[in-house]
Every structure is written in C-alpha cells, then in structure tokens.
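> My questions all concern the structure below.
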C-alpha cells in the first residue's frame, strides 16, 4: 500500500466508524422515539435522520460519482427547517433510503483510486482548484464526516 | 507538494476549521452563559470546554509530540462527569489553557512530515500496528476532529 492509499484508507475508516455509530442508533429507534427533539424546541431525531440522508445523497453529485438517489429529500430536510413540511417520510421509508444511499456511497468510495480522491470536487471551478488543491474530494469526505459527528452529538442527547 | 503531503494538509485544514468554529463560540461566552446546560440535565458548556482541552492535551502523549501541558484537567473533565468536582477552573483559566494547548498542538502538527503522520501512535503496540497500519497518527487526528465536531453540535444547541 502506498502512503497515499493508506491516508485514504484512514479517512474512509473514520467515515465508516461514525456512520456505524449513527446507523446503530437510527436503526433501533421506534417511530415514537424518532419524534423526540434533541433539546426543547430543537430538531427532532427524524428530521436529523432525513437531513443526514439528504446531505449524504448530495455527495454523489459533489464528488461526481453518479446521480443522486433522493433529491426530493432536500426540500423537506435541507432547505426547510424541522416541522415546516406538512408530511415527511415514515421511519420505514427513511431506513430504506439511508441504507440505499450509504451503501451506494460506500461502494463508489472504494472504487475511487487514492489519487482520484485528490481531484477537485464538482462544486469547485478549475480556476479555484488551481489556486487551492486542498479543495478536493478528500476534503468533502472529511467535511461530511464532521457534519455527521456534529449531528450525532445532538442525537445522543435525546437517546436516554 | 506530494499527494501524501496534500492529504495531510486536507486533514489539518479540517481540524483547523472545526477548531476555529469552537474557538469563536467559547471565546465569546460569558461566565454565566458557560454554566448553561446543552440540554436539560446534560453537560454544561464549561464542562465541554474543559473536556475538549483535556482530550486535546492528551494528544501530545498519544501522538508522541511532547509532554502534556495540563494533565490535571483529566480528573475534572474526563474521568468524572459534570458537576462531580467541587471546584472547576474559571473561564479565564480555561481560555488560557485552551489557547496554550491548541496553539502548541498546531505548531507540533505542522512540524511533522507527511510520512510521520502515518507512523503508529503511542497507544498502539508494534505488533498491533504491524497488523493494522491504519492505526496511525493521522487516524488520531481525524478521530479527535470528529470528537470536537460531536461536542460542537451539542454546544450549538445552548447558544441561542
């Protein structure tokens, strides 16, 4: 393994570790528990679940690794706050999308070579990337791992 | 820049980004605000601040980049839960340790070469590292970045 391959592996391990923690929590919550807020007046667990699915799904386009699977989730879970939508997907539907999006992501992640992780992501212009080559796919992966950790910390508050 | 140097730079950027967000929040909270809980019955902001300082301080030993600056914080902010200690450091003292620990870490981080980041961390035996070379310094950095993001998500709940 080259040192670059090893670095990418470390980053993917980090993503997987946080994902497994989140998966274990979400997959074991009842419909009732999912309606709990993480703190009084804050987001409900079900909203954060949908939010993570939508943000992960958007990684397909940002990383340029295929079409999005669930762009329809953005309106409910990204562009609008919790409790704004008249109807939201059921726990069963979310579980299905969660597994589908994260499963497909993982398979695309592992098919990228170590050097492909250092190529610019799609939200960057050629000009900006030339100025700052750290704006690459690996940076997106680490950023989204932090994003998931951020909400995982909130989710844990509502668990007990 | 080699691809391995670029990967390390991306990981350090990610650490710095989360650190700057946390720094901005903590440095602007009053003593009163620091006593607020992130959710009813959960950790106070001041406890999470001390907790992050102690965990970051422990990175000196785990990464093998020098002696710890504040091992005395562990008893208050790591081995015991919030509200267990009779007395805890003031906001002013915490601010001083926070700046000191993170400043020194950053300077040690940037003095490590890209390949030194892939060497095993001190909490690993030679034998375990031989079996799994992803248990390296870079993995510790990403793990602690996730840890900080996790608590940052909680801290944000108490801000408004």
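Chains as they are written, first to last, in this note's numbering: chain C, 1 to 160; chain L, 161 to 320. Don't be surprised by glycine CBs; every beta carbon is placed ideally from N, CA and C. Since the structure is predicted, the reported quantities are computational estimates derived from the model, not experimental observations.
Can you find a C-beta in chain C that's less than 8 angstroms from the C-beta of residue 163 (chain L)?
yes
> Tell me whether residue 144 (chain C) sits in a helix, a strand or coil according to DSSP, three-state version.
helix
> Can you give me the Cβ contacts of residue 8 (chain C) inside the same chain, cut-off strictly under 6 angstroms, excluding the 5 residues immediately before and after it?
114 and 117
> Is there a Cβ of chain C sitting closer than 8 angstroms to that of residue 313 (chain L), yes or no?
yes
> Could you confirm whether any beta carbon from chain C is found closer than 8 angstroms to the beta carbon of residue 289 (chain L)?
no
> Measure how close the beta-carbons of residue 224 (chain L) and residue 282 (chain L) come, nearest whole angstrom, since I'm counting them as under 8 angstroms.
The beta-carbon distance between residue 224 (chain L) and residue 282 (chain L), rounded to whole angstroms, is 5 angstroms. This is short enough to meet the 8 angstroms contact definition.
> Taking C-beta pairs closer than 9 angstroms, name the residues in chain L that residue 145 (chain C) reaches, listed in chain order.
Within chain L, the residues near residue 145 (chain C) are 174, 302, 305, 306 and 309.
> Quick one: does residue 227 (chain L) have its CB under 8 angstroms from some CB of chain C?
no
> Answer with buried or exposed for residue 219 (chain L), where buried requires no fewer than 16 other C-beta atoms within 10 angstroms of its C-beta.
buried
> Starting from the Cα of residue 297 (chain L), find the closest Cα among C:1, C:10 and C:5 and give me that residue.
Residue C:10 is the option with its Cα nearest to residue 297 (chain L).
> Helix, strand or coil: how does DSSP classify residue 204 (chain L) here?
In this structure, residue 204 (chain L) counts as strand in the three-state DSSP scheme.
> In angstroms with no decimal places, state the Cα-to-Cα distance between residue 154 (chain C) and residue 268 (chain L).
31 angstroms
> Would you call residue 57 (chain C) buried or exposed, if buried means 16 or more other Cβ atoms sit within 10 Å of its Cβ?
buried
> Note down, in chain order, each residue of its chain lying with its Cβ closer than 6 angstroms to the Cβ of residue 145 (chain L), except the 5 sequence neighbours on either side.
The displayed coordinates of chain L run from 161 to 320. Any statement about residue 145 (chain L) would go beyond what the structure contains.
> Compare the C-alpha of residue 89 (chain C) against each of C:133, C:51 and C:19 and name the closest.
C:51
> Quick one: what does DSSP say residue 5 (chain C) is sitting in, helix, strand or coil?
Secondary structure of residue 5 (chain C) (DSSP, three-state): helix.
> Please report the straight-line C-alpha distance between residue 287 (chain L) and residue 295 (chain L), rounded to a whole angstrom.
Approximately 11 angstroms between the Cα atoms of the pair.
> So, for residue 221 (chain L): in the same chain, excluding its five sequence neighbours on each side, which residues have a beta-carbon less than 7 angstroms away from its beta-carbon?
228 and 282
> Using a Cβ-Cβ cut-off of less than 8 angstroms, list which residues of the region 29-58 of chain C approach chain L; keep chain order.
38, 39, 40 and 42
> Check whether chain C comes within 8 angstroms of residue 299 (chain L), counting only Cβ atoms and requiring the distance to be less than that.
yes
> By the three-class DSSP mapping on this structure, what secondary structure does residue 296 (chain L) have?
strand
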